[in-house]
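These notes are about the structure you will find just below.
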Amino acid sequence: MASSPQGWHVWTETWPKIRSYSINQRLKIGIVGETGQLARAISQSQAARSGLTTFFNRQSLDLSADPEDLRDALSKFDHVDVIINAAAYTAVDRAEEDQAKAFAVNGTAPGIIADYCNKRDIPLVHISTDYVFNGQSRLPYMPEQDADPLNVYGASKLLGEKAIKASGCGYVILRTSWVYDAQGQNFFTTMLRLAETRDELSVVCDQFGRPTYAADLAAACLSAAQNISVDSVKYTGTYHVSGSGPIISWAEFARAIFEIAKPYLKKNMTVHNIPSSEYPTPAKRPSYSALNISNYEMMFDSQMQDWRSSLQIAIDEWQKTN
Ligand SMILES: NC(=O)c1ccc[n+]([C@@H]2O[C@H](COP(=O)([O-])OP(=O)(O)OC[C@H]3O[C@@H](n4cnc5c(N)ncnc54)[C@H](OP(=O)(O)O)[C@@H]3O)[C@@H](O)[C@H]2O)c1
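Going by this note's numbering, the sequence shown opens with residue 116, and the numbers climb by one from there.
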């Protein structure tokens, strides 16, 4: 085990690769957002492969469509027992300019899907974000704490949560943070791509949270879908899910990525701390958005992986395809 300059530890031995969840083989799950990192991780899970899952992409279900058209299109779900909405307008900075679309996809569409679920008496698993909070806390946010988004993306996701709650359907809202996968475009793959051409990087050191590996979030979604299908009254609610383990800054996350990926990198990477003020972005971000995951772990009787162990698995996955 190696100690980082910040005092938390990066495990260098192989971590247990256990993601235990089991899905009723006859549960028919409809998943919106086929091309996103979360839906891809769901599709790669053993549980999804052995179950009856149907994926919908933007072509088969456009969440920014006119509400009437979207209502009509939802008949495509008539055969499913539960819906997982993994789709969202996730371009946090672009949302500041493209407000109407962000609110349509993240605010209005989830409400329309929830109304459909309510009418059919099937449950909805929906994903929301740590960016519903304003970052003033210095303790991990509890699900019942007041939301106060700082940016359009957070406000649009909060609207979606409220619409789902108002619909009367059985729902699990999973708020998560800092989602990454071994492929696609995210902080993790960006850091490793930059490492091909650079040997030092500056990364913000004053925004704190916890990373979530897409496969861990996928497991949480499938577990939520399974449980809410069995008992919608017991499980309906808002929960927080992220990797467990130390709360870190983006700069510390970058260092952890480079430390674990060291055997596969051509050179040692140096990460310099910079304040957010030196990396201005159109959207404001909360300076602290760690989530308290205990109510999810208790209700669903499962433990979120330490982000350091998941990072090791992600690096192994990344290395296989690079
Ligand atoms: N990524 C993060 O760091 C993070 C953090 C907190 C919460 N979350 C939440 O976690 C969930 C999953 O995120 P992710 O990282 O998997 O997102 P992602 O990789 O950006 O994928 C988003 C998905 O939504 C689809 N989508 C966007 N606009 C659409 C529309 N108008 N109609 C239909 N589909 C549309 C995209 O389709 P196209 O490929 O066609 O664009 C894509 O499949 C989201 O609810 C997100 O808000 C993410």
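Beta carbons: idealized from backbone N, C-alpha and C, even for Gly. Everything numeric in this text was worked out from a predicted model, so none of it was measured.
First through last residue of the alpha helix (DSSP H) which encompasses residue 288 = Premise fails: residue 288 lies in the beta strand (DSSP E), 286-291, not in any alpha helix (DSSP H).
request  = List the DSSP bridge partners of residue 243.
outcome  = 290
inquiry  = residue 288 and residue 347 - do their beta-carbons sit closer together than 8 Å?
reply    = No.
inquiry  = Mapping the DSSP letters down to three states, classify residue 359 as helix, strand or coil.
reply    = strand
query = Going along the chain, which unbroken runs of the alpha helix (DSSP H) with 4 or more residues stay wholly within the segment 190-240?
reply = 214-218, 224-235
key: Buried versus exposed, by CB contacts within 10 Å (16 or more), residue 241   = Classification for residue 241: buried.
task = Could you round the C-beta distance between residue 430 and residue 419 to whole angstroms and report it? I think they count as a contact, below 8 Å.
result = Incorrect: roughly 19 Å between the Cβ atoms, too far for contact.
request  = Whole angstroms is fine: what's the gap from residue 276's alpha carbon to residue 343's?
outcome  = 17 Å
query = Within 10 angstroms of its Cβ, does residue 200 collect 16 or more other Cβ (buried), or is it exposed?
reply = Around the CB of residue 200, 16 or more other CB atoms lie within 10 Å, so the residue is classed as buried.
request  = With DSSP collapsed to three states, give me the class of residue 437.
outcome  = In the three-state scheme derived from DSSP, where H, G and I count as helix and E and B as strand, residue 437 is classed as coil.
task = Measure the alpha-carbon distance for residue 426 versus residue 406 and round it to whole angstroms.
result = 18 Å
task = Measure the alpha-carbon distance for residue 433 versus residue 295 and round it to whole angstroms.
result = Straight-line measurement puts the Cα of residue 295 at about 12 Å from the Cα of residue 433.
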